[in-house]
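Working notes for the structure below.
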Amino acid sequence: MSHHFLEVNDLYYSYPDGTEALKGVSLRLEHGEAVGLVGANGAGKSTLLLAVAGLVFSGSGTVNIGGAILSKKTLGEIRRRLGFIFQDPEDQLFMPTVFDDVAFGPLNQGLSAGEVSFRVEEALRSVGAGHLSDRPAYRLSGGEKRAVSIAAVLSMLPDILLMDEPSSGLDPRNRRMLIGLLGDFTHTRLIATHDLDLVLDVCPRTIVLHRGEIAADGHTEEIFRDEGLLERCSLEPPLCMQGVRS
Amino acid sequence: MAKKLDINFNELVSCSTAASGSSLVHRLDPRAKWLVTLAFAVTATSFGKYEIARLMPLFFYPFAMIALSGVAVADVLRRTALAAPFILLAGLFNPFFDRHVLISLWGFPLTGGWVSFLSITLRSVLVVSSVVLLSLTTRSDRLFSGLGELGVPSIFVVQLQFLNRYILLLAGEVQRIVRAHSLRSGSRRNSVSLFLSGSMLGILLLKSMDRAARVHWAMLARGFDGEVRTACPLKFSWQRDGAFVLIWVAFFGAVRFIDIPFLLFGWAVGK
Amino acid sequence: MHMADALLSPAVGGTMWAVTAGITAYSAKKLKDSPDDSRVPLMGVLGAFIFAAQMINFSIPVTGSSGHLGGGMILAILLGPYAAFLVLASVLIVQALFFADGGILALGCNIFNMAFFPCFFAYPFIYRKIAGQNPTYKKILIGTTLSAVIALQLGAFSVVIETMASGISELPFNTFVLLMQPIHLAIGIVEGFVTAAVVSFVWKERPEVLEASSNDMPLQRGLPLKKVLAGFVVAALFTGGILSWFASSYPDGLEWSMARTAGVEELEAPEGGAHGFLAGLQEKLAFLPDYGFRQSGTVTLERPDTETRWPAVDPGTTVSGFVGGGLTLLLAGAAGLLLSRTAGRCK
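Quick note, the sequences are listed as chains X, Z and S, same order.
Under the working numbering, the letters of the first sequence match residues 488 to 733, in that order.
Under the working numbering, the letters of the second sequence match residues 89 to 359, in that order.
Under the working numbering, the letters of the third sequence match residues 9 to 355, in that order.
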């Protein structure tokens, strides 16, 4: 059972204006692993996620999703395996109702109507949003929007989840629920975030990205205790460890 | 401009709220409502320009639609009133150019221009209220899917759905920016200097277009291939939607070809 | 420049619907032949941009009129004629549905007047001839201004023709034309300058955007969107900042034109056409002998000198129309109320 791995080899990406966003990034996530991707603003976290999903095309390097090398040919297959949860749920809830939104992915997979509604119900139930099905997206609270945007990805039954700042904009209670949810998932997870406490709770392993390069890759607690590393990468240790430090 | 934006935003929100109702009219297939609304517009505009009394039976349509849909009368009136400048201006110049006395009312001359002005105003109110009712009783996405099912090319419908989606986002952000401005500017509520409103628009545009690019990514990530699919394709029920179309078209036809006010007058006098 | 339903006859409205439907189908087919899914969201975004830009009314110097950006030329230059036509049509549909701008029957006319001319006439035959190849600032300025002016002149003239053909409005053709054309000349010049500012910026920053569309090719993947966005921001700032500086609450060009016409003191005598129409009306109503309008129509025809000697029509006959109409309205209202109660019980 190690087929849902994610491997990135020597990945480079430059913005069209020439700024280098990724400078030779290599990493590998094993099946079912939850990995935190941390780094200061502009470190390249979001770009890395976008490049993995084939949403921006890298200059050089390879992305391997469970044995399929990312290319125009495999793009459809790879996107079926990946679930990409964007930072702002508004971006992800582009359909008029919650149901339509969660059904968007399964419908694109060509599933039957019956299968689609089953998937939608299951996905909404798993994030505790079953009662929201008929609501229009703009009538949801922040926590509900986040839950539905996750359901919209889960309904595609992805193997690997890519998340960009999943806890941003959530109140403490919703954030706690999210952490519980993320911890229960069995998917391979790559979570880009500034919320180091979330990483501490959910991800045994952490990758630190600094100016487009991997500055560290290892046990979360070890990395968060390495003040020199955090300082160098413009990061602060998680709140719950700051007390320990002083 | 701030006021106009406020109105527009509120109208968009109230419209989408009203449109997500679940009455008989809301549940009708949008194709049926498109066809009936179009037939209504054709009927109302097909009368001669001096017709007034014969337009009256057509008021039954908006009344019935309000009754059956449970849409607030105030909503319909307010939204129809938004088009008031259009409505009044459309016929305003007729009294100046058409000065033939058409009828005399107890000694007062009534020129053709005033009669046609009244007629134009009445038909404007009729047609505008019917379109207002269409938009208040049909969710915009269904309205546009309905267009697709009526044979409008899919690429047109898809980008129309996008446009519709972005307008809501845009209006919401305008609303927030304007509100933030009026909070800081103190007493002068709703009066943003036009220079400022220009820069606001620039900021807003950047934000909106950034968002649009991200939405496109989010769509691609979930297998978007150029076609937006919806889970419950519209189902045209002949018993419900077909009957709706047939009954109204028959009614419009009757109104067009039978002089109902005249018959009613005769009946009232005969009694 | 929106036309309203009430001034249109079904024949004119229907014809323009058919024409517009044909152009839409043709454009959609052309786009289908070169599929590119990134174009679809881009079209939606640019439609929203036009919407935002249209919220700013700029005043036309000297005339005391004001207008707003049509946006047709910007869209045509950035998206090519086919996609631009569809986007403009969408903007007009949304305006008609949610803001009661224009009407449902007038949709065909409005789309034709405001989208067809910039996309399928001004853009290919004027702009591309002038600035399509090896653009310079001067070429772009001349190209956009000339295109915008001509597109608006054609659109304005089209409004006049459609209004005249419908025969509901009493505006004399000459007066209407003499007011519509100069106003839309002024609007066209301003629109041309604004369009030039946008296009020049885009051309300077990302020339490939213009090249791609001038070859009728879909936009390249991975275009540096940020710079394109920046171009639009500058354009929006230009539109908003400079133009709204002297923006006003004056009515739109068309409305102003009509108001000015209506305000003219020296009124011309009604044309023979009106008499002809009345004669037709009389014939049509002849089978309703007791109907007030018929009788008065006859009398009017018999006595053209209506200013001084209006006919003494028996109020009793004219009142039939009012009573009948009033009764009908009451009945319609009562039926509506009844329906409302029934519907209420069903819930």
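A virtual CB, placed ideally from N, CA and C, is assigned to each residue, including glycine.
{"query": "Quick check on the DSSP output: the beta strand (DSSP E) that includes H706 of chain X runs from which residue to which?", "result": "700-706"}
{"query": "Can you confirm whether E99 of chain Z, when its beta carbon is compared against all beta carbons of chain S, has any partner nearer than 9 Å?", "result": "yes"}
{"query": "So the candidates are S:A156, S:L105, S:P143; which of them puts its Cα closest to the Cα of T225 of chain Z?", "result": "S:L105"}
{"query": "Show which residues of chain Z have a CB atom less than 8 Å away from the CB atom of R566 of chain X.", "result": "L308, A309, R310, G311"}
{"query": "Is the beta carbon of V512 of chain X sitting closer than 9 Å to the one on G531 of chain X?", "result": "yes"}
{"query": "Using a threshold of 8 Å, is the CB atom of R310 of chain Z nearer than that to any non-hydrogen atom of the ligand ATP?", "result": "Among the components of this structure there are no ligands whatsoever, and the ligand ATP is therefore not found."}
{"query": "Return the residue from the list Z:L165, Z:F353, Z:F332 that minimises the CA-CA distance to P118 of chain Z.", "result": "Z:F332"}
{"query": "Taking Y145 of chain S as part of the alpha helix (DSSP H), name the residues at either end of that continuous run.", "result": "145-174"}
{"query": "Assuming I176 of chain S contacts I208 of chain Z (C-beta within less than 8 Å), just tell me the rounded distance between them.", "result": "6 Å"}
{"query": "Along the chain, where does the beta strand (DSSP E) containing D44 of chain S start, and where does it finish?", "result": "Premise fails: D44 of chain S is in no beta strand (DSSP E) and is neither H nor E."}
{"query": "Which chain S residues sit within Cβ distance under 9 Å of A300 of chain Z?", "result": "P49, L50, G52, V53, A56"}
{"query": "Under 9 Å between C-beta atoms, does A92 of chain S make it to chain Z?", "result": "no"}
{"query": "Under three-state DSSP, which class holds I112 of chain S?", "result": "coil"}
{"query": "Please state whether DSSP places P623 of chain X in a helix, a strand or coil.", "result": "strand"}
{"query": "Check each residue of the segment 180-191 of chain Z: if its Cβ is closer than 9 Å to any Cβ of chain A, include it; give the result in chain order.", "result": "Within the model displayed, chain A is absent; protein chains X, Z and S are what it includes."}
{"query": "Looking at C-alpha atoms only, which residue of S:V167, S:L86, S:L187, S:F107 is the closest neighbour of T152 of chain S?", "result": "S:L86"}
{"query": "So, helix, strand or coil for T226 of chain Z, using DSSP?", "result": "coil"}
{"query": "Rounded to the nearest angstrom, how far is the Cβ of M188 of chain S from that of F181 of chain S, given a contact under 8 Å?", "result": "Going by Cβ atoms, the distance from M188 of chain S to F181 of chain S rounds to 10 Å, so no, they are not a contact pair."}
{"query": "Using 9 Å as the threshold, is the C-beta distance between F573 of chain X and R302 of chain Z below it?", "result": "yes"}
{"query": "If you draw a straight line from the alpha carbon of A169 of chain Z to that of R230 of chain Z, how long is it in whole angstroms?", "result": "25 Å"}
{"query": "So, for P576 of chain X: in the same chain, excluding its five sequence neighbours on each side, which residues have a beta-carbon less than 6 Å away from its beta-carbon?", "result": "K632, R633, S636"}
{"query": "What are the start and end residues of the alpha helix (DSSP H) that includes F106 of chain S?", "result": "89-106"}
{"query": "Which one of S:Y131, S:W25, S:M11 has the shortest CA to CA distance from G79 of chain S?", "result": "S:Y131"}
{"query": "For V246 of chain Z, would you say it is in contact with chain X, using Cβ-to-Cβ distances shorter than 9 Å as the test?", "result": "no"}
{"query": "Nearest to A91 of chain S by alpha carbon, out of S:H192, S:F124, S:G22?", "result": "S:F124"}
{"query": "Could you name the residues of the same chain whose beta carbon sits closer than 6 Å to that of V640 of chain X, not counting the 5 residues immediately before and after it, in chain order?", "result": "G570, I572"}
{"query": "With distances taken between CB atoms, is the gap from G597 of chain X to E608 of chain X smaller than 9 Å?", "result": "no"}
{"query": "Distance, Cα to Cα, A294 of chain S vs F339 of chain Z?", "result": "With a pLDDT of only 36 at A294 of chain S, under 50, the local geometry of the prediction cannot be trusted, and no value is derived from it."}
{"query": "Between the beta-carbon of S547 of chain X and the beta-carbon of D497 of chain X, is there less than 9 Å?", "result": "yes"}
{"query": "Given a threshold of 16 other Cβ atoms within 10 Å of its Cβ, counted over all protein chains shown, does E709 of chain X qualify as buried or as exposed?", "result": "exposed"}
{"query": "Give the secondary structure of M735 of chain X by DSSP, where H, G and I count as helix, E and B as strand, and everything else as coil.", "result": "Nothing about residue 735 of chain X can be reported from this structure: the residues present for chain X run from 488 to 733 only."}
{"query": "Return the chain-ordered list of same chain residues with a C-beta closer than 7 Å to the C-beta of F59 of chain S, the five sequence neighbours on each side being excluded.", "result": "V99"}
{"query": "For P659 of chain X, does the three-state DSSP call read helix, strand or coil?", "result": "helix"}
{"query": "Note down, in chain order, all residues in the segment 192-208 of chain S with a beta-carbon under 8 Å from any beta-carbon belonging to chain Z.", "result": "none"}
{"query": "Taking the alpha-carbon of V522 of chain X as reference, which of X:C727, X:H706, X:G715 has the nearest alpha-carbon?", "result": "X:H706"}
{"query": "Output, in chain order, the set of chain X residues within a Cβ distance shorter than 8 Å of S207 of chain Z.", "result": "Neighbours of S207 of chain Z on chain X: none; closest Cβ ~39 Å, over 8 Å."}
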